[in-house]
Amino acid sequence: GGESVFTAGDTYPVFTYEGVRFGINICYDTQFPQAAAAVAAGGAQVLLVPAQNMMRREKAFWWQARHNEIRARRVQETGMWLISADVTGERDESRIGLGPTCVIDPVGQVVAQVRTGTTGMATIEIDPP
1 GGESVFTAGD
11 TYPVFTYEGV
21 RFGINICYDT
31 QFPQAAAAVA
41 AGGAQVLLVP
51 AQNMMRREKA
61 FWWQARHNEI
71 RARRVQETGM
81 WLISADVTGE
91 RDESRIGLGP
101 TCVIDPVGQV
111 VAQVRTGTTG
121 MATIEIDPP
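Next up, the structure:
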């Protein structure tokens, strides 16, 4: 675990790049509505979600669709865009990464996504609110 290396934060910073306000929820943070709400309250227009969903095969296939369902809920609640970057591939025979690398619009629709099980980049032009 990362507990020996990282210390949990208690703030939700927002930063601006080229006039767009970004907030970050790391991986499991998306399970909690208050994490996305906190960056939205700070003025974020886009929620960045770096994730590492390398899981046991039986869990990975169950979670495959759930990742985007949960992430879609966060943008529907906050009105932000969401951009996720997730791990893909296999670690060994028992673990696989199927988490989606994608862009989700503020109404919860996936508008760009890298095909599951492949590496790549999802790109789209957005007009944040």
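Per UniProt numbering, the sequence shown starts with residue 1, numbered consecutively. Don't be surprised by glycine CBs; every beta carbon is placed ideally from N, CA and C.
When burial is assigned at 16 or more other CB atoms within 10 Å of the CB, is M80 buried or exposed?
buried
Is it the case that the Cβ atoms of A112 and I124 are separated by a distance below 8 Å?
yes
For E69 and T101, what's the separation of their Cα atoms in angstroms?
13 Å
Which residues DSSP lists as bridging W62, in chain order
In the DSSP output, where bridge partners are listed per residue, W62 has none listed.
Contact set for A85: own chain, Cβ-Cβ below 6 Å, skip 5 residues either direction
P50, T101
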